[in-house]
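Below is one structure; the comments refer to it alone.
Numbering (my numbering), first residue to last: 578 to 823.
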């Protein structure tokens, strides 16, 4: 039996950042491991520039995901004024706008409407944090949580629960029996899932090496979402497996 910590991820607007080059900022169809570990780190009070702490979370936490709705794609034409002096450090937005050299960046940014997923994590080795510590932090996060970008706030409590199960699939099924999502919202989500779901009414499950998923693997991809340095935004490859919930 394996202990899993499972929690809910739902927002009217989310943005799961993909590799960004130039003026286009795309969104993945589901959260990456680095996105979820960044959310957990913020809840625990870990500074985003504490590279050692972020690498430790990445090394000792396994990651799985159940995606019911990838959401409807929304593309925003975005303009922002920023300082043109790269070596000047500003502590506030007001300070940035008072910089003598200012420039305007034009970009396109992808978001997703009504995306719903459930994340699972588990311990892969000795860690400074236990699953119960992370669950408590998700109940009362140290830093304000967001789903990808700061404009994307969670619309539901994370509702974390520690589930003991033989497989990742079994853990998600047990979680559904315990979750406290209001029935009216469940109906709304069901309609959203039919419109924007991964495949009809079926949910997709994603996982990494080292766990018995209980799902037939139908796709294997490489995600660049294992932390090397949060400070420098550097990440390395991770193999992710995917299948449909049966």
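For every residue, glycine included, the Cβ atom is placed at its ideal position computed from N, Cα and C. What you are looking at is a predicted structure, and each value in this text was computed from that prediction instead of being measured.
Practice problem: Identify whether residue 742 lies in helix, strand or coil by the three-state DSSP scheme. | Solution: Counted from its first residue, the chain shown places residue 742 at position 165. In the structure shown, residue 742 sits in a strand (DSSP, three-state: E or B).
Self-check item: Chain-order list of residues whose beta-carbon lies under 8 Å from that of residue 702 (same chain, five-residue window excluded)
Solution: Within the chain shown, numbered from 1, the residue matching residue 702 stands at position 125. Within the same chain, residue 702 has close Cβ partners 636 and 637.
Quiz prompt | Classification of residue 593 by the beta-carbon crowding that lies within 10 angstroms, buried from 16 upward | solution = Counting from 1 along the chain shown, the entry for residue 593 is found at position 16. Classification of residue 593: buried, given that the 10 Å Cβ count is 16 or more.
Quiz prompt | CA-to-CA distance, residue 617 to residue 719, given in whole angstroms | solution = Here residue 719 corresponds to residue number 142 of the chain shown, with the count starting at 1. Here residue 617 corresponds to residue number 40 of the chain shown, with the count starting at 1. About 10 Å.
Quiz item: So who's on the other strand from residue 681, going by DSSP bridges?
Solution: Taking the chain shown and counting its residues from 1, the one referred to as residue 681 is at position 104. In the DSSP output, where bridge partners are listed per residue, residue 681 has 658.
Quiz item: Counting along the chain, where does the alpha helix (DSSP H) carrying residue 815 start and finish?
Solution: Within the chain shown, numbered from 1, the residue matching residue 815 stands at position 238. Residue 815 -> not in any alpha helix (DSSP H); beta strand (DSSP E) instead, spanning 811 to 821.
Quiz prompt | Alpha carbon of residue 805 to alpha carbon of residue 757, nearest angstrom | solution = Numbered from 1 along the chain shown, position 228 holds the residue referred to as residue 805. Numbered from 1 along the chain shown, position 180 holds the residue referred to as residue 757. Each residue's alpha carbon lies about 36 Å from the other.
Self-check item: Backbone CA spacing between residue 583 and residue 604 [nearest angstrom]
Solution: If you number the chain shown from 1, residue 583 lands on position 6. If you number the chain shown from 1, residue 604 lands on position 27. Straight-line Cα distance between these residues: approximately 23 Å.
Quiz item: Are residue 745 and residue 641 close, meaning C-beta to C-beta below 8 Å?
Solution: By 1-based counting over the chain shown, the position of residue 745 is 168. By 1-based counting over the chain shown, the position of residue 641 is 64. The answer is yes: Cβ separation under 8 Å.
Quiz prompt | Span separating the alpha-carbon of residue 648 from that of residue 790 | solution = As a first step, residue 648 is located in the chain shown; it is residue number 71 there, counting from the start. As a first step, residue 790 is located in the chain shown; it is residue number 213 there, counting from the start. Near 24 Å, if we compare the C-alpha coordinates of residue 790 and residue 648.
Quiz item: Are the Cβ atoms of residue 786 and residue 609 separated by less than 8 Å?
Solution: Locating residue 786 in the chain shown gives position 209, where the first residue counts as 1. Locating residue 609 in the chain shown gives position 32, where the first residue counts as 1. No, the pair does not count as a contact, with Cβ atoms beyond the cut-off.
Quiz item: Since residue 641 is in the beta strand (DSSP E), which residue starts that stretch and which ends it?
Solution: Taking the first residue of the chain shown as 1, we reach residue 641 at position 64. Here the beta strand (DSSP E) through residue 641 covers 638 to 646.
Exercise. Count the other CB atoms, across all protein chains shown, that sit within 10 Å of the CB of residue 613; report buried if there are 16 or more and exposed otherwise.
Key: Residue mapping note: residue 613 aligns to position 36 of the chain shown, counting from 1. Residue 613 should be labelled buried.
Quiz item: Where does residue 749 sit, in a helix, a strand or coil, going by DSSP?
Solution: Taking the chain shown and counting its residues from 1, the one referred to as residue 749 is at position 172. Residue state, collapsed to three classes: helix.
Practice problem: May I ask you to report which of helix, strand or coil DSSP gives residue 798? | Solution: Position 221 of the chain shown holds residue 798. In the structure shown, residue 798 sits in a strand (DSSP, three-state: E or B).
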